[in-house]
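Sequence order for the protein chains is A and B.
Sequential numbering of the first sequence, starting at 1221, is according to our numbering.
Sequential numbering of the second sequence, starting at 1221, is according to our numbering.
Ideal Cβ positions, reconstructed from N, Cα and C, are used throughout, including at glycine.
Protein chains: 2
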Amino acid sequence: MLVARSTAQAEDAHVVTVIDVARQAGVSSATVSRVLNGNTTVTAEMRERVTAAVKRLDFRPNPMAQGLRKGQTNTVALLVGDIAQTHFAELTMQLQAALEENGIDLLLYNLGHSAKRLAEFLVRCVSMRLRGVVVALSDNISRSAAPLFTNVEESGIRVVSIGQDLTRFGIPSIVHDERAAAQRSVSYLLAKGHTRIAYVGRIKGSAVGTERFRGYQSALVHAGAYREDLVWDKAFRYAAGRDAVTYALESGAQFTAVQAASDEIAMGALAALRDHGRSVPDDVSIIGFGDVQMGAYLRPSLTTLSSHPEMAARHVCSILTAGDDSAGAIILERALIKRESA
Amino acid sequence: MLVARSTAQAEDAHVVTVIDVARQAGVSSATVSRVLNGNTTVTAEMRERVTAAVKRLDFRPNPMAQGLRKGQTNTVALLVGDIAQTHFAELTMQLQAALEENGIDLLLYNLGHSAKRLAEFLVRCVSMRLRGVVVALSDNISRSAAPLFTNVEESGIRVVSIGQDLTRFGIPSIVHDERAAAQRSVSYLLAKGHTRIAYVGRIKGSAVGTERFRGYQSALVHAGAYREDLVWDKAFRYAAGRDAVTYALESGAQFTAVQAASDEIAMGALAALRDHGRSVPDDVSIIGFGDVQMGAYLRPSLTTLSSHPEMAARHVCSILTAGDDSAGAIILERALIKRESA
DNA sequence: CTGAAAGCGCTTACAG
DNA sequence: CTGAAAGCGCTTACAG
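Shown next, in the form of structure tokens:
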């Protein structure tokens, strides 16, 4: 029994091009291109013939050829601080989904908080003819990056920031109101009678973190309860919370509440408190930042400030796709999510 | 006072091409291309002149033009199950880093466990002329995807799987030995005297999860302690652990240990146990899977099975870059990391 | 060893 | 409204 092997595409993997489609439809490749690009100046009949041929041949235009000719790709680069951190991962997920809905591909660059890599990418990306670059960085960005951003934008690549306000560079930014959020949670703590409220996880190099800290600080200064010695700078992520609180506890610091700069830091702080026999929230109340999923499953569950990555991603996406080129800031509010820890 | 505005590139943003470099160096564009591509048949002098011109003009080749001409880009697509899950995020981070070292860009597609989207991408990607696609999926992959994979590979795109064994599709795979890992941890529990060991978070649609479950199962069957009623299928991520354990507890199930299908599930289980006044590990021992950072900061800290994303990423990267086209499996072992929870 | 020319697969002025 | 031709920016046979 003989069975025909399906060699057709296997043999040569002949890729079908506009030329093939044109031949099949009996038109020129220009016409094919026109219907592909939704150009209106095409007869209904031509359109139909082309559409049919495209379908029959299962034609898919080569994005590189398109990009080269049009001078622009359909891909956006995401520069992210640290994708291993949950909130960045969630943001990445949402952005990818939103872009995909618009037929845009996502190139991912995990910058790992390196200013050098940011600079390098900024010069490199112009030759890539990207559709846009979205910057999701919490780190301070030096004024010296300004010409790099300008250069990118002048090359026709749209830049959008998410998470950090970069409007001073002329970059439209979608941000949370970190300061108001921190004030909100500190006020809550104050209202509950706390007067010794520590801040754990201030990171000098973090622009976003600094905003949060300022909100904390101003709320406490306003209440006459700000104390420099209750502000702890330490390391990174979970370990930051654990180490700072451990150190504070062991050096006899007095405090009844802690505002953490992130949920991860809060989790680390919780562990340290627990390790030292302090009960949360009975001995110490604790509030996180960002409402990462995990917080709801901690015990005690974590009071925190909400986050809106999906909404942020939608905004980014519409700025990228719309002709809108205002360089303003869109500000999202963080709500206080009350759970057991405070 | 007049200040010259730096209009030079602002005006036209004239992009420099090989032609410009060739002119500057006094050679042909072919020669420029040759030195750029490390072609050896070039005089030292030519090479120097070109290099100098490249430097002076700060020339960067247009990747689209290169890709179009060479018939291959320098980018790899990562198809990931759910980047919001920490272990996928860590894997993504490691892979991006490893690829970047090799000058390869990473396109990210978060599949969200959709077989349909996998299929769609697999047909779409051949026109993209990718350098490769890496599949990081825990979901079962239907046999019907075989021709799609074949088609991709025949188009010259290299496919590599990470996390799931896809060698049956002829795809080289870097995997952890899930079965042995689960056996290892169950044996540990058995050795400690547990006889009623539950499994929480079996997900029927997960190929990787099934491997883990089988390891658990065979270890228990071997010990004569396997009980169908102690295997709980439920939902997803944290909630899976919490809901399954809550249900078990409330329906009076008897067990003294639980093996979770992931650290997240373990965390959810921990919360449920806590909510029901059970102490871990005194009343119930619990072991996670994957050693996500968070586990070390839980209280009690989480006993779990290790994971090796960096190593896996390196392997993927070398398969992608090397000419090596064996389609075998590379197997990584998971070690039992003993912490407080078991 | 080097250059002139062709061509990757599209799209877009330019004619008609 | 449609087609022939040029060209996006590279690389690679092909001559010499």
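* So, helix, strand or coil for residue 1252(A), using DSSP? -> helix
* Which residues in the same chain have their Cβ closer than 6 Å to the Cβ of residue 1327(A), if we skip the five residues on either side of it in sequence? -> 1295 and 1297
* Asked: Between residue 1518(B) and residue 1401(B), is the Cβ-Cβ spacing less than 9 Å?
  -> no
* **Beta-bridge pairing of residue 1396(A) - partner residues as DSSP gives them** => 1552(A)
* State yes or no: is the beta carbon of residue 1313(B) nearer than 9 Å to at least one beta carbon in chain A? => yes
* Whole alpha helix (DSSP H) runs in the segment 1424-1456 of chain B with 4 or more residues, listed along the chain? -> 1427-1442
* To do: Might you give, ordered along the chain, the residues of its own chain that have their beta carbon closer than 6 Å to the beta carbon of residue 1427(B), omitting 5 neighbours on each side?
  => 1360 and 1384
* To do: Just confirm the distance between the C-beta atoms of residue 1292(B) and residue 1351(B), as a whole number of angstroms; I'd bet it's less than 8 Å.
  => 6 Å
* From residue 1274(B) to residue 1281(A), what distance separates their C-alpha atoms? -> 32 Å
* **Whole-angstrom C-beta distance between residue 1493(B) and residue 1465(B), which should lie under 8 Å** => 6 Å
* Asked: If you draw a straight line from the alpha carbon of residue 1387(A) to that of residue 1523(A), how long is it in whole angstroms?
  -> 31 Å
* Residues that residue 1287(B) contacts on chain A, provided the C-beta gap is smaller than 7 Å -> 1284
* Flag residue 1270(B) as yes if its beta-carbon sits less than 9 Å from any beta-carbon of chain A, otherwise no. => no
* residue 1282(A) - containing alpha helix (DSSP H), residue span -> Run containing residue 1282(A): none; DSSP gives neither H nor E here.
* Asked: If you draw a straight line from the alpha carbon of residue 1362(A) to that of residue 1376(B), how long is it in whole angstroms?
  -> 43 Å
* Taking only heavy atoms of the ligand ATP into account, decide whether any of them is closer than 8 Å to the Cβ of residue 1397(A). => As for the ligand ATP, it is missing from this structure, which has no ligand bound.
* To do: Count the other C-beta atoms from every protein chain shown that fall within 10 angstroms of the C-beta of residue 1224(A), then say buried if there are 16 or more, exposed otherwise.
  => Only weak support is given to the placement of residue 1224(A): the predicted model assigns it a pLDDT of 32, under 50, and the value that follows is read from those uncertain coordinates. Exposed, by the Cβ-count rule.
* Rounded C-beta distance between residue 1473(B) and residue 1421(B)? I'm assuming under 8 Å. -> Contact doesn't hold; Cβ gap of about 15 Å is too wide.
* Could you spell out the range, first to last residue, of the alpha helix (DSSP H) harbouring residue 1239(A)? => 1238-1245
* Just how far apart, CA to CA, sit residue 1552(B) and residue 1538(B)? -> 16 Å
* To do: Would you kindly report the start and end of the unbroken beta strand (DSSP E) that includes residue 1378(A)?
  => 1378-1382
* Cβ pair count under 8 Å reaching 3, the segment 1529-1549 of chain A against the segment 1237-1256 of chain B -> no
* CB contact check: residue 1426(A) to chain B, cutoff 9 Å -> no
* Select from 1308(A), 1424(A), 1419(A) and 1443(A) the residue whose C-alpha is nearest the C-alpha of residue 1410(A). => 1443(A)
* What residues in its chain sit with their C-beta under 6 Å from that of residue 1251(B), if we drop five residues either side in the sequence? -> 1266
* Asked: Residues of chain A with a CB under 9 Å from the CB of residue 1526(B): which are they?
  -> Chain A residues near residue 1526(B): none, gap ~16 Å exceeds 9 Å.
* Between 1438(A), 1425(A) and 1413(A), which lies nearest to residue 1562(A) when the distance is taken from Cα to Cα? -> 1413(A)
* **Beta-carbon contacts of residue 1436(B) that lie in its chain and below 7 Å, excluding the five residues immediately before and after** => 1402, 1406, 1419 and 1479
* **Segment limits, beta strand (DSSP E) that includes residue 1536(B)** => Where residue 1536(B) is concerned, there is no enclosing beta strand (DSSP E), although the alpha helix (DSSP H) it sits in stretches over 1529-1541.
* Asked: Hey, would you say residue 1342(A) sits closer than 9 Å to residue 1368(A), going by beta carbons?
  -> yes
* Alpha carbon to alpha carbon, what distance is there between residue 1283(B) and residue 1254(A)? -> 26 Å
* In terms of DSSP beta bridges, what is residue 1479(A) paired with? -> 1419(A) and 1507(A)
* So is residue 1317(B) in contact with chain A if we call contact Cβ pairs under 9 Å? -> yes
* Asked: What are the uninterrupted segments assigned as beta strand (DSSP E) that are 3 or more residues long and contained completely in the segment 1280-1353 of chain A, given in chain order?
  -> 1295-1300 and 1325-1330
* In terms of residue numbering, what span does the alpha helix (DSSP H) encompassing residue 1372(A) cover? -> 1366-1374
* Output the distance between the C-alpha atoms of residue 1445(B) and residue 1500(A), rounded to the nearest integer angstrom. => 39 Å
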